[in-house]
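Beneath this line is the structure, given in structure tokens, with notes to follow.
There are 2 protein chains.
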Amino acid sequence: MDINDLDTASFIPGLSVDNVIFGFHNNQLKVLLLACKDQKHWMLPGGYVLKTESVDAAAERVLFDRTGLHKVYLQQFSVFGDPKRSSAQLVKGLVKSMDLDETLNQWFLQRFITIGYYALVEFEKVKPIPDPLSLACDWFDIDQLPRLIFDHQAIIEGALIAMRQHLNFQPIGLNLLPSSFPLKSLQLIYETILGKKLDRPNFNRKILSLGILEKKEKQFTGAAHKAPFLYSFKKKEYYKLLKEGIGETF
Amino acid sequence: MDINDLDTASFIPGLSVDNVIFGFHNNQLKVLLLACKDQKHWMLPGGYVLKTESVDAAAERVLFDRTGLHKVYLQQFSVFGDPKRSSAQLVKGLVKSMDLDETLNQWFLQRFITIGYYALVEFEKVKPIPDPLSLACDWFDIDQLPRLIFDHQAIIEGALIAMRQHLNFQPIGLNLLPSSFPLKSLQLIYETILGKKLDRPNFNRKILSLGILEKKEKQFTGAAHKAPFLYSFKKKEYYKLLKEGIGETF
DNA sequence: TTACATTGTGTCAGTTTGACTCAATAAAGA
DNA sequence: TCTTTATTGAGTCAAACTGACACAATGTAA
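Protein chains in written order, with this note's numbering: chain A, 444 to 693; chain B, 444 to 693.
Written out as structure tokens, the structure reads:
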């Protein structure tokens, strides 16, 4: 698809959605990013809101377009509305690198307010698909991000903070893992999101006490140590807990 | 000020902010609402975002215009972006009741996406000021709300849910109280936000253990029972705790 | 003087947490 | 085959926290 086919007239002007799409692979939390055509920056997969569409639906559409996935955990977390969030100079450079017609030029030069969503997806199920504005679509380790456009770095950080807060209410990590997984993977996810090490025995005790995990067969990885048990989660109990929440302090 | 002086050209079209302003009075959590000119509905104090202004600044401006207050706890919590959130029929009725010129007519008839904020203010310090779109500005008990326009009922409910989640991370209630207050008031706020009764001795033990409260003189209310001690909060320790959060489960 | 509502303080069993052991075990190396 | 190594599963234990109480103290009204 050519960029110039983008029908800007059908979108709400000045408004966008940006998705921070998290995956987990090689014991690392990763984010899906797109390469800008200026070959200098990367950006979050984002898009615009159709005039007849809900904002949530727009975020789902963008997610589907980049990953081929439907019905994953997708959560709106913050609006980024600083008038200076996109540097005019940078936008001009980007626009130039894309060879656009005049209408599109105007479209990209306007001020955008963006709505941040984060998504939790199963890494192996994603087939990254670049969009018409980008050269590539790839995963990056959360602690080794490339140079990002505009305030996209801050958006990712905001997503992490939001996740950290949701973690105490909802058993989040499971959305990132395949249907069966060792507890260590889940622990690593929690450690990454919380930004601190957790005690293994204590973590296992707590997670298992939630009653949403089911023990499966052992996993022989070929590594020189005891093989861990795999677990899968009981969907019914999981969704019940998602609704109710866990860490009620008062 | 006349409505027809509203300079719509200086605002971002299709975007608004709505503030759920909470206060605490007579042992009740209250919300500040405006009376629509159709004399049938009430609405949240809201406004539009100037083309040169950040979204947060717009919310602060609206808050100041309705309450005369600056620098209070103001927290963005959700975007309401359903294309059908404002019924076309209702809008037409409202527009008719306001006697607008053609430009303004068009302005109000467009689809709006609104960004929800909630604010915590000290009831006694507020001087409610109606805006040019409304007939009155008044407080309502959170559990005795009048008929609200559009999805404003859902926005208020969303604010309550957001607060409930923040409560575990931040000692929120204090923003609603005067500089010194009895612990019972704070407990009532927590009970309202959480929607459940709390055990008084246990609540006091927990709140005091946070180390952000300072015991002051007794309060003689004239009621036929023991006079409670008043407490004020230690700002320094309070802000430290606000940053760090309290209820870390993992 | 008594009654009453509400407060300050305290108890206590049960649960959860944080910081630890330690034996079991899958594979690699000697 | 025996030993080594990394990691897992299971368990211990003191300290902290929680939920559910009890009870005396105290301003005012009857």
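Note that CB positions come from ideal geometry on N, CA and C, so glycine has one too.
Just so we're clear, the structure is a prediction, and the values are computed from it rather than from any experiment.
- For K480 (chain B), there is no enclosing beta strand (DSSP E), as DSSP gives it neither H nor E.
- Beta bridge pairing from DSSP links M486 (chain B) with B:L477.
- Going by DSSP, G457 (chain B) is part of the beta strand (DSSP E) stretching over 454-468.
- In this structure, Q519 (chain A) and V522 (chain B) form a Cβ contact; the two beta carbons are roughly 6 Å apart against a cut-off of 8 Å.
- Interface annotation for the stretch 444-458 of chain B against chain A: I455, P456, G457, L458, criterion Cβ-Cβ distance under 9 Å.
- DSSP places D584 (chain A) in the strand class (E or B) of the three-state scheme.
- Assigned with DSSP and collapsed to three states, T495 (chain B) falls in coil, not helix or strand.
- When the beta-carbon positions are compared, I446 (chain A) and R509 (chain A) stay at least 8 Å from each other.
- By the C-beta density criterion, Y682 (chain A) is exposed, having fewer than 16 other C-beta atoms within 10 angstroms.
- Under a 10 Å Cβ-count criterion, S652 (chain B) is classified as exposed, with fewer than 16 other Cβ atoms of the shown protein chains found around its own Cβ.
- As the crow flies, the alpha-carbon of L610 (chain A) is around 25 Å from that of L617 (chain B).
- Residues of the stretch 478-498 of chain A whose Cβ lies closer than 8 Å to any Cβ of chain B, in chain order: V492, K494, T495, E496, S497, V498.
- For the 8 Å CB-CB criterion, V463 (chain B) and G490 (chain B) do not form a contact.
- In chain A, no part has a C-beta under 8 Å from the C-beta of D461 (chain B); the shortest such distance is about 13 Å.
- Residue range 672-676 is occupied by the beta strand (DSSP E) that includes F672 (chain A), with no alpha helix (DSSP H) assigned at that position.
- Chain A places a beta carbon closer than 8 Å to that of S521 (chain B), counting this residue as a contact.
- Excluding residues up to 5 positions away in sequence, F520 lie with their Cβ nearer than 6 Å to the Cβ of A605 (chain B) in the same chain.
- Residue pairing by DSSP puts F523 (chain A) in a beta bridge opposite A:T557.
- Fewer than three pairs of CB atoms, one per stretch, sit closer than 8 Å, so the stretch 583-591 of chain A makes no contact with the stretch 639-655 of chain A.
- Taking a cut-off of 8 Å for Cβ pairs, the stretch 496-504 of chain B and the stretch 663-676 of chain B do not touch, as fewer than three such pairs fall below it.
- Counting only Cβ-Cβ distances below 9 Å, I585 (chain A) has no contacts in chain B at all, with the closest Cβ about 18 Å away.
- Taking C-beta atoms as the reference points, I556 (chain B) and G457 (chain B) count as a pair closer than 8 Å.
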